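First residue of the sequence shown: 3, per my numbering; consecutive thereafter.
A quick write-up on the structure given underneath.
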Amino acid sequence: MTAPAPRAPMPPGPLAGSFAWQAAAFKDYDAWALHVTLADIAEIENAAAATKAAGLDIRSIAQADFPLPGLAPKLAALRHRVLNEVGFGYLRGLPVSNWDPDFRMRVYWGVSRHIGDPVPQNRNGHLIGHVIDIGTSVDDVNKRITQTNAELSFHVDSCDVVALLCLATSLSGGESAIVSGAAVHDEMMRTRPDLCSALYRPIPMDRRGEVPAGGKGWYEMPLFNWYNDSFTGFAPVRLYVESVRRFEDAPPLTAELGEALDLFYELCADPRFGLKIPFRPGDIQYLHNHVVFHARTAYVDHPPPAPKRHLMRMWLSAQDGRELPPALLAKWPSIERGKLRGGAVIAPDREWVIPLEPETPAY
3 MTAPAPRAPM PPGPLAGSFA WQAAAFKDYD AWALHVTLAD IAEIENAAAA
53 TKAAGLDIRS IAQADFPLPG LAPKLAALRH RVLNEVGFGY LRGLPVSNWD
103 PDFRMRVYWG VSRHIGDPVP QNRNGHLIGH VIDIGTSVDD VNKRITQTNA
153 ELSFHVDSCD VVALLCLATS LSGGESAIVS GAAVHDEMMR TRPDLCSALY
203 RPIPMDRRGE VPAGGKGWYE MPLFNWYNDS FTGFAPVRLY VESVRRFEDA
253 PPLTAELGEA LDLFYELCAD PRFGLKIPFR PGDIQYLHNH VVFHARTAYV
303 DHPPPAPKRH LMRMWLSAQD GRELPPALLA KWPSIERGKL RGGAVIAPDR
353 EWVIPLEPET PAY
């Protein structure tokens with residue numbers, strides 16, 4: 003007789019605390035976003051221009067190369083909010099339409115270096131990614147679906163903090179939403195503790211073609227983790243849980259786990275928990291991936307010659323971030339605190355690059 007699988011570590015009760023917020027607390031978007039002033043913009047432009055005049059490659063720009071005497075303390079407060087308080091923060095009002103692509107990249111990179119250290123986000127080593135519809139098929143199992151106009155269910159990225167800079171919005175759809183993973187966890191623990199417990203066990207997921215050397219095309223990861231008395235969430239794109247069935251050696255999704263995932267995604271989208279925040283050109287969204295999950299609805303772009311919906315994404319490592327559970331090593335190259343960690347699995351000889359052309363294929 004096969005012995006039952008050992009019970010995964012779980013918290014003794016609901017997580018509560020500042021990370022376990024509900025949507026009603028943050029309805030007034032403009033009241034809590036960090037709005038840049040004219041003085042802030044002048045500082046940013048001066049810093050970006052100095053890096054260009056010095057001939058610095060964007061990838062080599064460190065925080066010290068991008069001094070922001072007035073804005074830096076406000077960015078530090080935003081960073082603290084992201085990593086230690088509620089798990090998200092927004093910078094608003096950057097005049098992105100005034101800048102050429104290179105200058106815009108310098109601004110985005112330089113400001114974000116005050117939040118964390120960039121890591122590559124796909125197998126091609128992109129340090130800044132373009133979230134834009136390039137016509138990739140949703141059914142292409144060897145590619146992620148970020149470069150389509152399809153819906154993205156609530157999920158996380160493989161980094162401590164994900165940053166998204168909005169350059170242009172869509173004609174319709176494309177609504178962005180965030181949710182507190184801690185709040186959804188607590189609701190499941192209160193109402194369906196059996197299904198909450200199920201999400202502490204490994205879930206098979208499709209790597210979508212990003213396979214480490216000697217590895218398989220799929221991996222397993224719990225959605226909820228309890229490690230060193232700390233909660234860490236890892237929400238997968240639901241489509242990647244479905245497409246893992248193409249691998250004959252991948253474990254089947256049990257009925258209990260399927261029911262648990264159904265409830266999880268239902269609660270994420272529940273207006274009590276899911277918070278819809280409209281992106282506007284010049285917004286930067288910073289999210290703490292371990293506690294806040296994000297999503298977008300399907301969308302339709304403006305007809306040409308109007309620009310397509312276009313976000314630029316960075317994955318950031320926080321060297322002073324929380325201790326992470328070893329389970330993340332199924333997906334992350336490194337989880338060690340105090341070092342550069344997270345990012346995509348790429349060949350060791352692959353150069354880390356920043357593609358200026360928005361429709362550069364990521365995969």
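For glycine and all other residues, C-beta sits at the position ideal for the given N, C-alpha and C.
Predicted model only: the values in this text are computed from it and were never measured.
Contact under 8 angstroms by Cβ, residue i with residue j
i           : j           : result
residue 283 : residue 168 : yes
residue 221 : residue 12  : no
residue 155 : residue 239 : yes
residue 358 : residue 103 : yes
residue 425 : residue 247 : In the structure as shown, the chain begins at 3 and stops at 365. Residue 425 is therefore absent and cannot be evaluated.
residue 133 : residue 315 : yes
residue 28  : residue 269 : no
residue 160 : residue 317 : yes
residue 152 : residue 114 : no
residue 25  : residue 273 : yes
Per-residue burial, residue i [other beta carbons within 10 Å of its own, 16 or more giving buried]
i           : result
residue 75  : exposed
residue 189 : buried
residue 218 : exposed
residue 333 : buried
residue 234 : buried
residue 326 : buried
residue 321 : exposed
residue 260 : exposed
residue 350 : exposed
residue 208 : buried
residue 15  : exposed
residue 254 : exposed
residue 142 : exposed
Proximal residues to residue i (C-beta, below 7 angstroms), its chain only, five neighbours per side dropped
i           : result
residue 83  : 91
residue 22  : 182, 184, 185 and 188
residue 69  : 49
residue 61  : 129, 354 and 356
residue 310 : 134, 135, 170 and 303
residue 150 : 135, 138 and 140
residue 362 : 132
residue 194 : 265
residue 329 : 223, 224 and 227
Nonlocal neighbours in the same chain, by C-beta distance under 6 angstroms from residue i, ignoring five residues either side
i           : result
residue 352 : 127
residue 319 : 118, 119, 121, 162, 342, 343 and 344
residue 89  : 21, 290, 293 and 294
residue 336 : 343
residue 44  : none
Residues of its chain near residue i, where Cβ-Cβ distance is below 8 angstroms and the 5 sequence neighbours each way are ignored
i          : result
residue 19 : 184
Contact test: residue i Cβ vs the ligand SAH heavy atom, cutoff 7 angstroms
i           : result
residue 163 : Among the components modelled here there is no ligand, and therefore nothing to report on the ligand SAH.
field: Uninterrupted beta strand (DSSP E) stretches inside the stretch 306-357 (no shorter than 3 residues)
entry: Listed in chain order, they are 312-319.
- request: Could you tell me whether the stretch 130-146 touches the stretch 274-294, where touching means 3 or more Cβ pairs closer than 8 angstroms?
  value: Counting C-beta pairs with one atom in each stretch, the stretch 130-146 and the stretch 274-294 have fewer than three that are closer than 8 angstroms, which means they do not touch.
task: Tell me the start and end of each unbroken alpha helix (DSSP H) in the stretch 245-309 that is at least 4 residues and wholly inside, in chain order.
output: Counting only runs of 4 or more residues that sit fully inside the stretch 245-309, the alpha helix (DSSP H) segments are 257-271, in chain order.
message: Could you check whether the stretch 297-311 touches the stretch 168-179, counting it as contact only if at least three pairs of C-beta atoms, one from each stretch, sit closer than 8 angstroms?
response: Segments in contact, yes.
field: Those runs of the beta strand (DSSP E) which lie wholly inside the stretch 201-243 and span at least 3 residues
entry: Whole beta strand (DSSP E) segments, 3+ residues: 205-208, 220-223, 226-229 and 232-235.
- prompt: Fully enclosed by the stretch 52-128, which alpha helix (DSSP H) runs are 4 residues long or longer?
  reply: Runs of the alpha helix (DSSP H) inside the stretch 52-128: 74-82 and 103-114.
message: Suppose only complete runs of 3+ residues qualify. What are the beta strand (DSSP E) ranges in the stretch 124-181, listed by chain order?
response: Those beta strand (DSSP E) runs which fall completely within the stretch 124-181 and span 3+ residues are 131-133, 154-157 and 163-170.
- prompt: Given 8 angstroms as the limit, is there contact between the stretch 191-201 and the stretch 223-237, that is, 3 or more CB pairs closer than that?
  reply: Touching, yes, given that three or more Cβ pairs across the two stretches are closer than 8 angstroms.
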